[in-house]
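Remarks on the structure that follows.
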Amino acid sequence: MMTRYRPARRAARALALALAGTLALAACGSGGSGGGTDDGASDVPLTIPREDMGTFVRNFNPFSPNVAPMTQQAVYEPMFIYNPADGSTTPWLATEWSASDDGKELTFSLRDGVQWSDGEPLVAQDVVTTFELQKELLGGFDYLDKAEAVDEATVVFHLNRVYSPALYELGQQIIIPDHVWSQVDDPSKEANESPVGTGPYTEVLSFESQSFDLGPNPSYWQPEKQKIPSIRMLAFAGNDGANLAAANGEVDWAPQFIPNIEQAFVAKNPEHNHYWFPPTGAMINWQLNTTKAPYDDVDVRKALSMAIDRQQIVDVAMQGYTYPADCTGLSGGYDTWRDQGLADSCEWTQRDVEAANALLDEAGYARGGDGNRTLKDGSPFTVTISVGSTSSDWLSVAEIITQNLAEVGVQASVDAPDWSAVVAGYEDGSFDSGIVWSNNAPTPYQFYRGAMSTETVKPAGEQTFENYHRFGDEQADALLTEFAATTDLDAQRSIVDELQAEFDAKAPVIPLFPGPEWGAFTDVRFTGWPTEENPYATLSTRAPTTVLVLTTLEPVQG
Amino acid sequence: MRFVLRRLGFYLLAFWVSVTLNFLLPRFMPGDPVSRMFARSQSRMTPEQITQLRHLFGLDDRPLWQQYLDYLGNVFTGEMGVSISRFPTPVVEVIAGQIGWTVLLGGTALLIAVVIGNLLGILAAWRRGGFLDSMLPPVLVFVGSFPYFWLAMGALYLFGVALGWFPLRHAFSAGSSPDWTGPFVSDVAMHLVLPAVTIVVVSIGGWMLAMRNTMIATNAEDYIVMAEAKGLRPGRIMFRYAARNAMLPAVTSFGMSLGFVVGGALLTEVVFAYPGVGYQLLAAVQGLDYPLMQGIFLTITAAVLLVNFLVDIVYVRLDPRVRVS
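Taken in sequence, the protein lines are chains A and B.
Following numbering that gives the first Met the number 0, the residues of the first sequence are numbered contiguously, the last one being 557.
Following numbering that gives the first Met the number 0, the residues of the second sequence are numbered contiguously, the last one being 324.
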């Protein structure tokens, strides 16, 4: 009876021994397997972490919303590249472009001698197919009637109305090859495992769910600029792991947010580790739901704005990585559009508690005996600020606003559930107020359209994806229509000046600070990074300008 | 046999309940997958694109009961659909790509913790009041009550960064691809050490304490005294008489834990950037990816129920009393 169990016991013992053995074996193997790939400077890949993808899926379909990183940066290219850091435009697959006199036709001339990575030449039909697929699969471009290939190297876009922002949207669309995609049965579900692109790094050398390598395109049109041997992407399920890799010098480019970067990253190797956070991201606003009293009152919005200590927000909550917004609402990427005269004489974006109190008194929100204000219907003046619980920096922003508002007799509280719940409130208009991003595009048109055009206003209760604060202004509508209808840069400038004045007058949202574009790098293995002194691109790895960095970096010799 | 059939019926009912909850719970969450995706992209998408994406993902506005019937049908045919957050990859592929690592990590850690924990528990109870018994439980419970995240980070910094003994992330070195060669296997084992050991360290205390406590109760039984009186070797009494009877609760909790292994170890995966199901599940919940969520929950449910069923059968083997009743 008892002996029957002996084998099981032996097996358990053997198993335990085997496990211990595996561990011991593993410990012995450590020396050999550690840095096997890092020999010889010429083969070192440019290593980039991706902090928000725990694993990669081999999907290089640029029309997929979950495409593998670098698809739109290293594999496919646009016709031109707009760089928000210095406001310049670099011709890329197109060499020149022009608009017809009535503004309804845009003509792009494609660069001569560009080849796809399979050796086929780039032709105008590729551009036509790109836009057909883009419209069919992902929508957008509703102003575009059709793209037409006039000859092998010329594409004409026929617009159904004059729409000046079209130029940037069309020009920055990445182009896919017609000869490949016309053979695909269902482009929306195509995984495109071995992509054919015009970009500098198109060849998938290896692909694992935790990392993949892209090698140089053998037919690239600027072979002299392919100095990086290959690009290696690493998957991380969170910022901590990616930050550790950056601090440890194992990645060359760290585009994720690193808290306290001076100590956590730069101090590890002060000579080589650098960061640059250009304020070219979207303007971050405190948005008040203008369908609710008292936020429908422009004086209230301005008074609340004056109560806010933006300098403290920037210094404490944002760790000094950006600067306070002014009353034009324009982010750092629009410096060339900014009406400097207006920006210098802003009133309601300067902290002035006294003036804020006076304005609220005047507007009829009297202070009670306890120092707290009441609304016109007699209920207490309270504000709820909704922020997603994961955004610790924005949470501190909301906390600071809460403290500031107490000084003008307004009781504010912060509501911080999961982002999805916060956004659901924004979308159906049930929210009170929130810290919200804004539209960011090459021209300020989209920003002002999202902030104050009646076109984007949906009644509370109906789902919307922009203009959460639901503010519309007919004066702004007229200016926006005018802007879209002219391609003359001087005329556009004077319209944007008027839009800034309108924004200043109506305060549709309360601008806080321009969002910084995070980016850090180490020049131990590669040099030629964009910096504040040489802002030829931002340090983002997900922007159209990324390819400019990829074609500029070169390995350190020696 | 009747016992087995009765258990089987119970498990089928439990399966149906969990499958139904699995369907309902995600749909009670606010928002929908596309607006979540939109929120994360922070306005880099236009409203037109959103309408288009809805269409692309095939999000349906059909009545719930109809979706539910379809879903039930799909559960039994193993057709789990296409993941939304990783569109257009099928759910089955997403799970299949990760579950191997999860089972390797969770299974290894669990086996080590169970074997060592139980052995320590047996020894501690056998030499009651001895060094092992007075020192180890407090220490292990102390260590086990550290926040796992903190402990794992600490281990990562100490053994990964400062000492450089172990790799910092992933299941194998970047640039290599899986095969069955010696160097690759040892590379994988090397990457497994820190994640597995941290899990073992925090979970071993529970196993040891539980085993020690039941063991002490068993040691007081008459048949132990009887065995001693017969003059059997102490080792034989310890393992064959006492431990074997004290094992039963441990087998149950081992079964439970084994089932839950397929759910992944989220924190471990995050700290060590180890591939696995846990992070997929988190991403699926955050992105309201119904198909992927359902797929993973279904896998977990099926695994837990299956393992429990197996444990029930093993019980019949281990404990004659179950057979009689």
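Ideal Cβ placement from N, Cα and C applies to all residues, glycine included.
Given the structure is predicted, the values throughout are model-derived calculations rather than measurements.
Looking at the structure shown, is residue 79/B part of a helix, part of a strand, or coil, going by DSSP? Coil, per DSSP.
Whole-angstrom distance between residue 462/A and residue 193/A, CA atom to CA atom: Roughly 39 Å between the two C-alpha positions.
For residue 273/A, the residue or residues it bridges with in DSSP: Partner residues in the beta bridge of residue 273/A, as assigned by DSSP, are 520/A.
Segments of 4+ residues assigned as alpha helix (DSSP H) that fall wholly inside the region 216-267 of chain A: The qualifying runs are 238-246 and 260-263.
Which class does residue 263/B belong to by DSSP, given the choice of helix, strand or coil? When secondary structure is reduced to three states using DSSP, residue 263/B falls in the coil class, being assigned neither helix nor strand.
Got a sec, what are the start and stop residues for the beta strand (DSSP E) residue 433/A sits in? According to the DSSP assignment, residue 433/A belongs to the beta strand (DSSP E) that extends over 432-435.
Tell me, please, whether the region 360-371 of chain A touches the region 253-272 of chain A by the rule of three or more beta-carbon pairs shorter than 8 Å. Contact fails between the region 360-371 of chain A and the region 253-272 of chain A, because fewer than three Cβ pairs, one in each stretch, are under 8 Å apart.
Determine the contact status of residue 52/B and residue 33/B, defining contact as a CB-CB distance below 8 Å. Taking the C-beta atoms as reference points, residue 33/B is found nearer than 8 Å to residue 52/B.
Between the C-alpha atoms of residue 297/A and residue 459/A, what's the straight-line distance to the nearest angstrom? Taking the straight line from one Cα to the other gives about 19 Å.
8 Å Cβ cutoff, residue 212/A in contact with chain B: Residue contact check for residue 212/A against chain B: a CB pair falls below 8 Å.
What are the start and end residues of the alpha helix (DSSP H) that includes residue 301/A? Boundaries of the alpha helix (DSSP H) around residue 301/A: 297-306.
Between residue 516/A and residue 276/A, which are expected to be in contact by the criterion C-beta below 8 Å, what is the C-beta distance as a whole number of angstroms? With a contact defined as Cβ atoms closer than 8 Å, residue 516/A and residue 276/A qualify at about 6 Å.
What is the DSSP secondary structure of residue 543/A, counted as helix, strand or coil? The three-state secondary structure of residue 543/A, taken from DSSP, is coil.
Along chain A, in chain order, which residues have C-beta atoms closer than 8 Å to that of residue 278/B? Result: 53, 54 and 236.
Any chance the CB of residue 554/A is under 7 Å from a heavy atom of the ligand FAD? With respect to the ligand FAD, the structure offers nothing, as it holds no ligand at all.
Could you name the residues of chain A that residue 268/B contacts, counting a contact when the two beta carbons are closer than 7 Å? Under the 7 Å cutoff, chain A gives 53 and 236.
Per-residue DSSP class, three states only, for residue 219/B: In the structure shown, residue 219/B sits in coil (DSSP, three-state: anything other than H, G, I, E or B).
Since residue 86/B meets chain A, which of its residues come closer than 9 Å, beta carbon to beta carbon? Contact note: residue 86/B reaches chain A through 58, 63, 64, 65, 187 and 188, using a C-beta cutoff of 9 Å and chain order.
Cross-chain neighbours of residue 170/B in chain A, by beta carbon under 8 Å: The contacting residues are 209.
Name the chain A residues that come within less than 9 Å of residue 167/B, Cβ to Cβ? Under the 9 Å cutoff, chain A gives 240, 243, 244, 247 and 249.
Using CA atoms only, rank isn't needed, just tell me which of 546/A, 219/A, 401/A and 428/A is closest to residue 381/A. Across the set 546/A, 219/A, 401/A and 428/A, the C-alpha of 401/A shows the shortest separation from the C-alpha of residue 381/A.
Can you pull the chain B residues whose beta carbon is under 7 Å from the beta carbon of residue 412/A, in chain order? Within 7 Å Cβ-Cβ: nothing; residue 412/A doesn't reach chain B, min ~20 Å.
What does a CB cutoff of less than 7 Å around residue 328/B pick up in its chain, not counting 5 residues either side in sequence? With chain B represented from 0 up to 324, any question about residue 328/B goes unanswered, as that position is not in the structure.
Starting from residue 45/A, trace the beta strand (DSSP E) both ways and give me its first and last residue. Residue 45/A -> beta strand (DSSP E) spans 45-49.
Using a Cβ-Cβ cutoff of less than 8 Å, which residues in the same chain neighbour residue 555/A once the five nearest sequence positions on both sides are dropped? The residues are 40, 522, 523, 524, 525 and 526.
Determine whether the Cβ of residue 97/B lies closer than 8 Å to any Cβ atom of chain A. Cβ-Cβ to chain A under 8 Å: yes for residue 97/B.
Express the C-alpha separation of residue 406/A and residue 45/A in angstroms, rounding to a whole number. Taking the straight line from one Cα to the other gives about 51 Å.
Alpha carbon to alpha carbon, what distance is there between residue 17/B and residue 23/B? Between residue 23/B and residue 17/B, the C-alpha separation is close to 10 Å.
Distance, Cα to Cα, residue 353/A vs residue 434/A? When rounded, the distance between both Cα atoms is 24 Å.
Given a threshold of 16 other Cβ atoms within 10 Å of its Cβ, counted over all protein chains shown, does residue 375/A qualify as buried or as exposed? Result: exposed.
Distance cutoff 8 Å, beta carbons only. Does residue 272/B sit that close to anything in chain A? So, interface residue.
Beta strand (DSSP E) containing residue 25/B: first to last residue? Not the beta strand (DSSP E): residue 25/B falls in the alpha helix (DSSP H), residues 1-27.
Smallest Cα separation from residue 205/B: which of 298/B, 282/B and 118/B? Restricting attention to 298/B, 282/B and 118/B, the CA atom closest to the CA of residue 205/B is found in 118/B.
Along the chain, where does the alpha helix (DSSP H) that runs through residue 107/B open and close? Per DSSP, residue 107/B belongs to the alpha helix (DSSP H) from 90-125.
Option nearest residue 70/A by Cα separation, candidates 79/A, 78/A, 77/A and 60/A: For the residues 79/A, 78/A, 77/A and 60/A, the minimum Cα distance to residue 70/A belongs to 60/A.
Just to confirm the assignment, what range does the beta strand (DSSP E) spanning residue 157/A have? Unbroken beta strand (DSSP E) run through residue 157/A: 153-158.
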